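Chemist:
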Amino acid sequence: MEKITEFKNIITDSYAYCRKYKEETGKKIVGYTCSYTPEEIIYAAGALPFRLFGTNEGIHLADANLQSYCCSLVRGILEEGLSGRLDFLDGAVFPHTCDSFQRLSDIWRINVAHKFHLDIVLPVKLNTASARQYMIDILEKFKKDLEHALSVKITDAMLSDTIKTYNQIRALMRKLYAIRAQRTEIISGRDFHSIIKAAMIMDRPLFLKTLGEVIAQIEKAPGGEIKSDAKRIVLAGSICSHPDIYDIIENAGGVVVWDDLCTGSRYFDGVLDEKASPLAAIAQRYLDRPICPAKHAGLTDRGENIVRIVRESKADGIVFLLLKFCDPHAFDYPYIKEMLDKENIPCMLLDMEEQLPAAGQLQTRFETFIQIL
Amino acid sequence: MKKQILEFLKTILIFSFGKFKKFTLRFKKTKTMKDMMIVYYSEAKSARLTGKKVAWITSGGPVEPLLAMGIIPVYPENYGAMIGASKMGGGLCEKAEAMGYSSDLCSYARADIACATINGGPLQGLPKPDMLVCCNNICGTVLKWYEVQARYFNVPLFILDTPICHTEYTPEIAKYVRSQFDEYFAFLESACKRKFNYDRLNEVLLRSFQTQVLWQEILDTTTNKPSPMTAFDAFFHMALIVTLRGTPEVIDYYTALLATMKERVTRGIGAVPNEKYRLLWDNIPIWHRMKWLSQKFASQSACLVADTYTSAWCGTLKYVSGDNPIDSLAEVYTRIYLNIGVDEMAKMIIAMIDKYDVDGLVLHSNRSCKPYSFGQLDIQRIVEQERGIPCLMIEADMADERSFSESQISTRIDAFMEIIKEREETSKK
Ligand code: SF4
Ligand code: SF4
Chain Y
128 MEKITEFKNI
138 ITDSYAYCRK
148 YKEETGKKIV
158 GYTCSYTPEE
168 IIYAAGALPF
178 RLFGTNEGIH
188 LADANLQSYC
198 CSLVRGILEE
208 GLSGRLDFLD
218 GAVFPHTCDS
228 FQRLSDIWRI
238 NVAHKFHLDI
248 VLPVKLNTAS
258 ARQYMIDILE
268 KFKKDLEHAL
278 SVKITDAMLS
288 DTIKTYNQIR
298 ALMRKLYAIR
308 AQRTEIISGR
318 DFHSIIKAAM
328 IMDRPLFLKT
338 LGEVIAQIEK
348 APGGEIKSDA
358 KRIVLAGSIC
368 SHPDIYDIIE
378 NAGGVVVWDD
388 LCTGSRYFDG
398 VLDEKASPLA
408 AIAQRYLDRP
418 ICPAKHAGLT
428 DRGENIVRIV
438 RESKADGIVF
448 LLLKFCDPHA
458 FDYPYIKEML
468 DKENIPCMLL
478 DMEEQLPAAG
488 QLQTRFETFI
498 QIL
Chain H
23 MKKQILEFLK
33 TILIFSFGKF
43 KKFTLRFKKT
53 KTMKDMMIVY
63 YSEAKSARLT
73 GKKVAWITSG
83 GPVEPLLAMG
93 IIPVYPENYG
103 AMIGASKMGG
113 GLCEKAEAMG
123 YSSDLCSYAR
133 ADIACATING
143 GPLQGLPKPD
153 MLVCCNNICG
163 TVLKWYEVQA
173 RYFNVPLFIL
183 DTPICHTEYT
193 PEIAKYVRSQ
203 FDEYFAFLES
213 ACKRKFNYDR
223 LNEVLLRSFQ
233 TQVLWQEILD
243 TTTNKPSPMT
253 AFDAFFHMAL
263 IVTLRGTPEV
273 IDYYTALLAT
283 MKERVTRGIG
293 AVPNEKYRLL
303 WDNIPIWHRM
313 KWLSQKFASQ
323 SACLVADTYT
333 SAWCGTLKYV
343 SGDNPIDSLA
353 EVYTRIYLNI
363 GVDEMAKMII
373 AMIDKYDVDG
383 LVLHSNRSCK
393 PYSFGQLDIQ
403 RIVEQERGIP
413 CLMIEADMAD
423 ERSFSESQIS
433 TRIDAFMEII
443 KEREETSKK
């Protein structure tokens, strides 16, 4: 699978990739914070959407602007911004989700100077007609803001093209998920994680092409079926920026077969209607897609979705990655746990701070959990 | 019931009792806060018997449509403040933590979630809601919290979504929020099975705006030197603007309060004896340390003359316009203090510093409230740059008393006051 190495190289030093990309293509690079960013519009504007993952190591610059009781995702992103390491960005886009991201946008605007700073103040509820209309209205506004910031004109034709590309990427990623749910040995969890991450960074048509080749290779290659005694695990949470978790779970006798993560299935789920008007199609996907807990689409839809994922992926158990100080996820955990208990689905809660607990300790915790499955 | 409320009021009144006695004397004609709160909570608690409906609503939410429909509004956040003041927050939060809620969540939410299951807190629980009204103009926490309660009580939830105005109040936002007010009225119609009363709403709104004008005037009496009241008094008297604005009684109450304050000004009576230093408070009060903090500052001849919290209930009056008050609602409820960008908040704080002529800024970095607290470090820096006054940041929690470090905060307040005194002296030279 030497093709996967391409992805791995990019994510090992994504900043270097961007600098080089910029030099070679002359394209603009736009940072973004979460899967509620309408990347399609950014790409159609001729810029590369670059997902900000922040850092897990040595957050200290951010201490000057954010208190210690802010989640490490937000603190880590700010750290990178303040450090100047993101100087290749032409601008950054902040879709509204949780309170911490909301304030990150303000702090970024005040302290981190790129050429432009855009907010997309999304609706919080996604299940009413007026919210749908508002979503379309602000996508329209975002498009105009971006045209102005990048001095380009975004035509419907450009948007339609990009939408096709994104549909293909998402379809292939869902295919890869499906293959891996059956033949988990074909790609390690760590490599799988690299592909997902690369999808949010790499030049999208190139990513699509390479991913197609990887999948073709996989489809030809025999074997790789899940080990008969391996336990099937679903990961749930906000983002997972610790590829070690996949290794540790595998060493403990499990394997991640699906997820409900912002850097995972939530990013790939949903299809854009190629026949609808482009912005309406983008809006509709957000309304249909499984939600992040900072959004509202009903009282129990997240729990139901997680149960569905577990059933469909034939998982034996679920691991919740709960980032310390993450309010939306922490509020949802008790009711989802209750729903899972009712369904007899075992679950484990892993509280995560900036850094993971020591690998040995983690391995033991996973082993204990996996033994009961 | 009456006894519980009295008990509770005693606990929160103790700190300002001396002054309060003076106020009550002048209140012979009007009802006291105590009377009003007793009547209010008794009515809410007996709603089942009287056939009235109860709605739980967030502190920044539009209460006027509820009053127009004769629905009793109940504020879990106000109850959260009571819980904090009665030092019951720690115990209740612990209970919520045992239910699986992280200790890092907002303590009002934790306390309320726990209370609901055991009828806890100073009034032994709030009356059960028939519906929930959640306006997210203050935070995203209320959305998650009200979802929890909607599942628990199995009652309808209305979400009024007010997008944050980082840098502007856009036409898109105006249109979206305006249309949600119509949805809100329709929601109330279906909850009450009766037509929405627009005439009543207009009446209530006019009274509500009038109350906000009065409240602002009361807060503005502190521009006088010495200041006739402190922010601690404002924290106490605000209960009515939060819970009962729009009712005629509140107008009477605040009219009398304003008269009292004006008289204190004429007679040169200061809230803090020998007021020498004037301070501005940012963020929600530390309810469980009100008495301690007010004495602490008073002992240093420092008066907290204003705060960003109590003024939030009248800060958007400038957006009331036109003949039809209903059309102002979207803007009034969307552009509130917490729903704007940090730089905008800093501007407002600087305006307050000038208006109330303050010597220092005290920022409560409140672990419970992320949208209020994140950005404070920038606000502090901006204030220091633009006005050069000393700032103090203390980390605490508004209603969970467990993590309060009294000795550390005491030392820091002393050090801060030292700086203010020195500054004063050098400026005199
Ligand atoms: S949703 Fe949670 S993890 Fe994500 S930024 Fe907000 S607080 Fe942090
Ligand atoms: S204290 Fe802050 S987080 Fe809690 S309900 Fe109030 S505004 Fe929201």
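The listed protein sequences derive, respectively, from chains Y and H.
Residue numbering for the first sequence follows this note's numbering, starting at 128 and increasing by one per position.
Residue numbering for the second sequence follows this note's numbering, starting at 23 and increasing by one per position.
Each residue gets a CB set at the ideal place from its N, CA and C atoms; glycine is no exception.
Small disclaimer: the values here were computed from a predicted structure and weren't measured.
1) Can you list the residues of chain H that residue 423 of chain Y reaches, using a CB-CB cut of under 8 angstroms?
2) Out of H:313, H:323, H:239 and H:298, which has the shortest C-alpha to C-alpha gap to residue 282 of chain H?
3) With distances taken between CB atoms, is the gap from residue 422 of chain H to residue 364 of chain H smaller than 8 angstroms?
4) Please report the straight-line C-alpha distance between residue 146 of chain H and residue 371 of chain Y, rounded to a whole angstrom.
5) Might you give, ordered along the chain, the residues of its own chain that have their beta carbon closer than 8 angstroms to the beta carbon of residue 138 of chain H, omitting 5 neighbours on each side?
6) Mind the definition here: the region 146-165 of chain Y touches the region 189-197 of chain Y only if three or more C-beta pairs lie below 8 angstroms; say whether that holds.
7) Could you work out which residues of chain Y lie near residue 126 of chain H, taking near to mean beta carbons separated by less than 7 angstroms?
8) Residues bridged to residue 479 of chain Y by DSSP?
9) Measuring only from the beta carbon, is residue 375 of chain H closer than 7 angstroms to any heavy atom that is part of ligand 2?
10) For residue 487 of chain Y, does the three-state DSSP call read helix, strand or coil?
11) Quick check on DSSP: helix, strand or coil for residue 426 of chain H?
12) Just how far apart, CA to CA, sit residue 460 of chain Y and residue 122 of chain H?
13) Using a Cβ-Cβ cut-off of 8 angstroms, state whether residue 248 of chain Y counts as contacting chain H.
14) Along chain H, which residues have their Cβ under 8 angstroms away from the Cβ of residue 223 of chain Y?
15) With distance defined between alpha-carbon atoms, name the residue in H:163, H:224 and H:165 nearest to residue 350 of chain H.
16) Using a C-beta cutoff of 8 angstroms, does residue 460 of chain Y count as contacting chain H?
17) Going straight from the alpha carbon of residue 364 of chain Y to that of residue 494 of chain Y, what length do you get?
18) Looking at chain H, is there any beta carbon in it that lies within less than 8 angstroms of the beta carbon of residue 469 of chain Y?
19) Starting from the C-beta of residue 211 of chain H, find all residues in its chain whose C-beta is less than 7 angstroms away, skip the five residues before and the five after it, and write them out in chain order.
20) What does a CB cutoff of less than 6 angstroms around residue 246 of chain Y pick up in its chain, not counting 5 residues either side in sequence?
21) What distance in whole Å lies between the Cβ atoms of residue 419 of chain Y and residue 447 of chain Y, which are believed to be in contact at a cut-off of 8 angstroms?
22) Using the Cβ count rule (16 or more neighbours within 10 Å means buried), how would you classify residue 427 of chain Y?
23) Could you check the C-alpha separation between residue 322 of chain Y and residue 162 of chain Y for me, to the nearest Å?
24) For residue 304 of chain H and residue 330 of chain H, which I take to be in contact (beta-carbon distance under 8 angstroms), what is that distance rounded to the nearest angstrom?
25) With a threshold of 8 angstroms on Cβ separation, who are the neighbours of residue 410 of chain Y within its own chain once the five nearest residues in sequence on each side are excluded?
26) Note down, in chain order, each residue of its chain lying with its Cβ closer than 6 angstroms to the Cβ of residue 504 of chain Y, except the 5 sequence neighbours on either side.
27) Mapping the DSSP letters down to three states, classify residue 137 of chain H as helix, strand or coil.
28) Any Cβ of chain H within less than 8 angstroms of the Cβ of residue 229 of chain Y?
29) Does the Cβ of residue 295 of chain H lie closer than 7 angstroms to at least one heavy atom of ligand 2?
30) Would you say residue 154 of chain H lies against chain Y (beta-carbon separation less than 8 angstroms)?
31) Short check: CB of residue 458 of chain H to CB of residue 386 of chain H, under 8 angstroms?
32) Please return the same chain residues whose Cβ sits closer than 8 angstroms to the Cβ of residue 358 of chain Y, not counting the five positions on each side in sequence.
33) Give the DSSP-derived three-state secondary structure of residue 517 of chain Y in the structure shown.
34) Please report the Cβ distance between residue 124 of chain H and residue 420 of chain H, rounded to the nearest whole angstrom; I am assuming they are in contact, meaning their Cβ atoms lie under 8 angstroms.
35) Express the C-alpha separation of residue 151 of chain H and residue 284 of chain Y in angstroms, rounding to a whole number.
36) Please report how far the alpha carbon of residue 301 of chain H lies from the alpha carbon of residue 487 of chain Y, in whole angstroms.
Modeler: If we stick to the structure as given:
1) Looking up residue 423 of chain Y in the first sequence gives position 296. Simply 165, 169 and 181.
2) As a working note, residue 282 of chain H is residue 260 in the second sequence. That would be H:239, whose Cα lies nearest to the Cα of residue 282 of chain H.
3) By one-based count along the second sequence, residue 422 of chain H stands at place 400. By one-based count along the second sequence, residue 364 of chain H stands at place 342. The answer is no: Cβ separation not under 8 angstroms.
4) Taking the first residue of the second sequence as 1, we reach residue 146 of chain H at position 124. Taking the first residue of the first sequence as 1, we reach residue 371 of chain Y at position 244. Going from the Cα of residue 146 of chain H to the Cα of residue 371 of chain Y covers about 48 angstroms.
5) For the purposes of this step, residue 138 of chain H is taken as the residue at position 116 of the second sequence. Here the set comprises 147, 148, 171, 174 and 175.
6) no
7) The count along the second sequence starts at 1 and reaches residue 126 of chain H at position 104. Here the neighbours are 196, 451, 452 and 457.
8) As a working note, residue 479 of chain Y is residue 352 in the first sequence. Paired residue(s): Y:450.
9) As a first step, residue 375 of chain H is located in the second sequence; it is residue number 353 there, counting from the start. Result no, Cβ not under 7 angstroms from ligand 2.
10) Position 360 of the first sequence, counted from the first residue, corresponds to residue 487 of chain Y. In this structure, residue 487 of chain Y counts as helix in the three-state DSSP scheme.
11) Position 404 of the second sequence, counted from the first residue, corresponds to residue 426 of chain H. The answer is coil: DSSP assigns residue 426 of chain H none of H, G, I, E or B.
12) Reading the first sequence from its first residue, position 333 is the one you call residue 460 of chain Y. Reading the second sequence from its first residue, position 100 is the one you call residue 122 of chain H. Using only the alpha carbons, I get a separation of about 7 angstroms.
13) Counting from 1 along the first sequence, the entry for residue 248 of chain Y is found at position 121. Judged by the 8 angstroms Cβ criterion, residue 248 of chain Y is in contact with chain H.
14) One-based indexing of the first sequence puts residue 223 of chain Y at position 96. Ordered by position in chain H, the residues that pass the 8 angstroms Cβ test against residue 223 of chain Y are 185 and 186.
15) One-based indexing of the second sequence puts residue 350 of chain H at position 328. Of the listed residues, the one whose Cα sits closest to residue 350 of chain H is H:224.
16) To locate residue 460 of chain Y, count along the first sequence from 1; it is residue 333. Closer than 8 angstroms to some Cβ of chain H, the Cβ of residue 460 of chain Y qualifies, so yes.
17) Sequence index remark: in the first sequence, residue 364 of chain Y carries index 237 (1-based). Sequence index remark: in the first sequence, residue 494 of chain Y carries index 367 (1-based). Near 20 angstroms, if we compare the C-alpha coordinates of residue 494 of chain Y and residue 364 of chain Y.
18) For the purposes of this step, residue 469 of chain Y is taken as residue 342 along the first sequence, with counting starting at 1. Not closer than 8 angstroms to any Cβ of chain H, the Cβ of residue 469 of chain Y fails to qualify, so no.
19) Locating residue 211 of chain H in the second sequence gives position 189, counting from the first residue. Cβ within range, chain order: 217 and 218.
20) Sequence index remark: in the first sequence, residue 246 of chain Y carries index 119 (1-based). The answer, listed in chain order, is 221 and 232.
21) Numbered from its first residue, the first sequence carries residue 447 of chain Y at position 320. Numbered from its first residue, the first sequence carries residue 419 of chain Y at position 292. At roughly 14 angstroms, the Cβ-Cβ gap does not stay under 8 angstroms, so residue 447 of chain Y and residue 419 of chain Y are not in contact.
22) As a working mapping, residue 427 of chain Y is identified with position 300 in the first sequence. So residue 427 of chain Y ends up on the exposed side.
23) To locate residue 322 of chain Y, count along the first sequence from 1; it is residue 195. To locate residue 162 of chain Y, count along the first sequence from 1; it is residue 35. Whole-angstrom Cα-Cα distance: 16 angstroms.
24) The count along the second sequence starts at 1 and reaches residue 304 of chain H at position 282. The count along the second sequence starts at 1 and reaches residue 330 of chain H at position 308. Right, their Cβ atoms sit about 5 angstroms apart.
25) As a first step, residue 410 of chain Y must be located in the first sequence, where it is residue number 283. For residue 410 of chain Y, where only same-chain residues beyond five positions count, the Cβ hits under 8 angstroms are 259, 262, 263 and 266.
26) Lying before the first or after the last residue shown, residue 504 of chain Y is absent from chain Y, which here runs from 128 to 500.
27) If you number the second sequence from 1, residue 137 of chain H lands on position 115. In the structure shown, residue 137 of chain H sits in a helix (DSSP, three-state: H, G or I).
28) Reading the first sequence from its first residue, position 102 is the one you call residue 229 of chain Y. Residue 229 of chain Y counts as touching chain H.
29) The sequence position of residue 295 of chain H within the second sequence is 273, counting from 1. Result no, Cβ not under 7 angstroms from ligand 2.
30) Locating residue 154 of chain H in the second sequence gives position 132, where the first residue counts as 1. Taking Cβ atoms only, chain Y never reaches closer than 8 angstroms to residue 154 of chain H, which makes this a no.
31) Since the first and last residues shown for chain H are 23 and 451, residue 458 of chain H lies out of range.
32) Along the first sequence, read from residue 1 onward, the residue named residue 358 of chain Y stands at position 231. Closer than 8 angstroms at Cβ, skipping near neighbours: 380, 381, 382, 443, 444, 497 and 500.
33) In the structure as shown, chain Y begins at 128 and stops at 500. Residue 517 of chain Y is therefore absent and cannot be evaluated.
34) On the second sequence, residue 124 of chain H is found 102 positions in, with the first residue counted as 1. On the second sequence, residue 420 of chain H is found 398 positions in, with the first residue counted as 1. Contact flag wrong, Cβ pair sits at about 17 angstroms.
35) For the purposes of this step, residue 284 of chain Y is identified with residue 157 of the first sequence, where counting begins at 1. For the purposes of this step, residue 151 of chain H is identified with residue 129 of the second sequence, where counting begins at 1. Going by the C-alpha atoms only, they are around 51 angstroms apart.
36) Indexing the second sequence from 1 puts residue 301 of chain H at position 279. Indexing the first sequence from 1 puts residue 487 of chain Y at position 360. Computed Cα separation, rounded: 52 angstroms.
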